[in-house]
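For the sequence shown, this note's numbering gives the first residue as 148, with consecutive numbering after it.
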Amino acid sequence: METIADIPVVACRRRISTNSSPTFVAAVSHWLLGFLLLFSFSSSAAAAASPLTKVVMTFGSFNERETALFVAQDQEFFTKHQLDVKPVKVSGPVALAALAGGDAQFYWGAATGATLGAIAGGMDAVFVGSLIHKLEGTFVVSPAIKNPTDLRGTTIGIQSIGGGIWMRTMLTLNHWGLDPKRDNIRFRIMGDEAVLAQAIGSRLIDGSYLGYTYGALLERQGFRILADLAKLGIPYQNTALLGQRRFVYSSPDTVERVLRALAETVSFVLESRNKAAVMKSLAKGLRLPRPEDASEGYERIINLYERRIYPNVEGIRSTIGLLGTTNESIRRLKAEDLIDDRFVKKLEQEGRF
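Spelled out as structure tokens, the structure:
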């Protein structure tokens, strides 16, 4: 993902003194009026050009869920709210390490095993907003696999153990009554969704979770979409914004401005007249050759994004329940303690959504 370079902004201020003599003022009244108008204009311009608040936002997934991030950059919603947001694509563990170390202010991610594990391990972080409140995407497999029971004895691709793709895979297998250990389902770490799609196409793996954009591309090549996960109704804290609690409390203005920008972006994405612009940003963000290649992802995301960008307590609780069966530290977590929704409450009270 190409990031945004820092652009230094310099604002100059000048101190002006005048002779207060009545004779002097009368002699230059017209000149002074013009000068004050010019000074007023210059001050306004300097204020408008004041340095933007720098924000580093890491993200690990790479599909249509990131539409809002791509659109916010292209349509300058962050800039509108005096923010210089630098999106940095890294793996989930690296993203969480950057958040814990203060190198990033936000993590654009989900309630994965890695995320909840980090919190259970001592990272004091909270979800402040959420764009998607349920499991979504596709489970793409080779043509020989016709139903979930055929997944026994197969190799499934993931990006990392405990990451978002692994979490979605585990929730889906659990929904189907499958257990990786019991049913001899092997996980193979490959890479992000672009790499996983290539691995399925090359028959290196038997299947994988993929977003709708990559899923549709493989379906056209003859591979099978075993399920549209959104139709399974599995609650999940999907795409959300996570921040260290100390940052959230020390910089509430920045948090609020980021959420304002995201709320406006979601509204823009969901407005049908903006379809062409949204598809262009999505294709650019996913490095697709043509905007029309993003059509499947666009059609799906407009039915997944929530205007009310509240964190999803039930989705977090669902993940804690799944992971808590084998992890005592995660089992002790309380979903209600992992959210801070005061900012989105304020936006809703203002009628922002």
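All residues carry an ideal CB built from backbone N, CA and C; glycine is no exception. Keep in mind the model is a prediction, meaning the values are calculated, not measured.
For residue i, the three-state DSSP class (helix, strand or coil)
i: SER277; result: strand
i: LEU389; result: strand
i: SER208; result: coil
i: PRO458; result: coil
i: PRO438; result: helix
i: THR200; result: strand
i: GLN496; result: helix
i: ILE486; result: strand
i: SER355; result: strand
i: ASP231; result: strand
i: VAL491; result: helix
i: LYS481; result: coil
i: TYR361; result: helix
i: LYS328; result: coil
i: TRP323; result: coil
i: GLY256; result: strand
Best match in the options for proximity to residue i [C-alpha to C-alpha]
i: GLN220; options: LYS422, ARG489, THR412, ARG455; result: THR412
i: LEU388; options: GLY276, GLY268, ASP339; result: GLY276
i: GLU403; options: ALA261, ALA251, GLU495, ILE352; result: GLU495
i: GLN306; options: MET426, PHE224, LEU246, GLY260; result: GLY260
i: GLU446; options: TRP323, VAL460, LYS422, GLU461; result: LYS422
i: TRP323; options: ALA244, LEU379, ASP353; result: LEU379
i: THR205; options: THR473, PHE334, ILE352, PRO240; result: PRO240
i: ARG478; options: GLY256, GLY268, ARG212, TRP255; result: GLY268
i: LYS492; options: LEU469, GLY468, ARG454, ASP326; result: ARG454
i: ILE448; options: PRO198, LEU325, GLU213, VAL405; result: GLU213
i: LEU351; options: THR401, GLY304, PRO382, TYR254; result: GLY304
i: ASP400; options: GLU483, GLN252, GLY338; result: GLN252
i: LEU230; options: GLY311, ILE279, SER398; result: SER398
i: VAL405; options: ASP375, ALA424, ILE456; result: ILE456
i: ARG367; options: ALA482, GLY264, ASP440; result: ASP440
i: ASP250; options: GLY264, VAL235, GLY256; result: VAL235
i: ASP375; options: LEU451, THR262, ALA482, GLY207; result: LEU451
i: SER208; options: ARG333, TRP313, PHE394; result: TRP313
i: GLY256; options: ARG420, SER419, THR386, ALA377; result: THR386
Alpha-carbon spacing of residue i relative to residue j, whole angstroms
i: ALA341; j: SER355; result: 11 angstroms
i: ASP488; j: VAL287; result: 35 angstroms
i: SER476; j: PRO458; result: 22 angstroms
i: ILE336; j: GLU497; result: 45 angstroms
i: ASP297; j: ALA291; result: 9 angstroms
i: GLU223; j: LEU216; result: 10 angstroms
i: ILE486; j: SER349; result: 41 angstroms
i: LEU373; j: LEU409; result: 32 angstroms
i: VAL237; j: SER428; result: 20 angstroms
i: PHE415; j: ARG315; result: 27 angstroms
i: VAL490; j: THR472; result: In the sequence on display, residue 490 carries Phe and not Val. So the alpha carbons of these two residues sit roughly 33 angstroms apart.
i: ALA244; j: ILE308; result: 16 angstroms
i: LEU282; j: ALA247; result: 26 angstroms
i: THR302; j: ASN294; result: 15 angstroms
i: LEU320; j: VAL460; result: 22 angstroms
i: GLY338; j: LEU278; result: 24 angstroms
i: LYS431; j: ALA424; result: 11 angstroms
i: PRO327; j: ARG420; result: 45 angstroms
i: LEU263; j: LEU417; result: 30 angstroms
i: PRO436; j: THR226; result: 27 angstroms
i: PHE334; j: LEU199; result: 44 angstroms
i: ARG329; j: ALA377; result: 26 angstroms
Close Cβ partners of residue i (< 6 angstroms) along its chain, the five nearest in sequence each way excluded
i: ALA258; result: GLN384, ILE463, THR466
i: TYR254; result: THR205, ALA242, LEU246, LEU389
i: ASN474; result: none
DSSP beta-bridge partners of residue i
i: ARG335; result: GLY304
i: TYR383; result: Per DSSP, none; premise fails for TYR383.
i: ARG371; result: VAL288
i: LYS293; result: For LYS293, which the question treats as bridged, DSSP gives no partner whatsoever.
i: ALA272; result: GLN391
i: LYS236; result: PHE206
Close Cβ partners of residue i (< 7 angstroms) along its chain, the five nearest in sequence each way excluded
i: GLY300; result: ASN331
i: ALA344; result: LEU357, TYR361, LEU364, LEU365
i: LEU318; result: LEU282, ILE381, TYR383, LEU469
i: ALA482; result: VAL460, ILE463, ARG464, ILE467
i: VAL395; result: VAL273, VAL275, VAL402, ASP487
i: ASP353; result: VAL288, SER289, ILE292, THR301, THR302, ILE303
i: HIS280; result: ASN385, GLU453, ASN459, GLY462
i: SER218; result: In the sequence under discussion, the amino acid at residue 218 is Val, which differs from the Ser named in the question. Answer for VAL218: THR412, PHE415, VAL416, VAL425, SER428, listed in chain order.
Same chain only: Cβ atoms within 8 angstroms of residue i, ignoring 5 sequence neighbours per side
i: ARG407; result: HIS228, LEU494, ARG499
i: ASN210; result: GLY284, GLU340, LEU357, GLY358, TYR359, THR360, TYR361, LEU433, GLY444
i: ARG392; result: ASP271, ALA272, VAL273, ASP487
i: ILE266; result: ALA272, LEU480, LEU485
i: PHE370; result: VAL287, VAL288, SER289, PRO290, ILE347, GLY348
i: GLY310; result: GLY207, SER238, GLY239, PRO240, THR259, GLY260, ALA261
i: MET426; result: PRO438, GLU439, ALA441, SER442, TYR445
Closer than 7 angstroms: residue i CB and nearest the ligand SAH heavy atom
i: GLU366; result: As for the ligand SAH, it is missing from this structure, which has no ligand bound.
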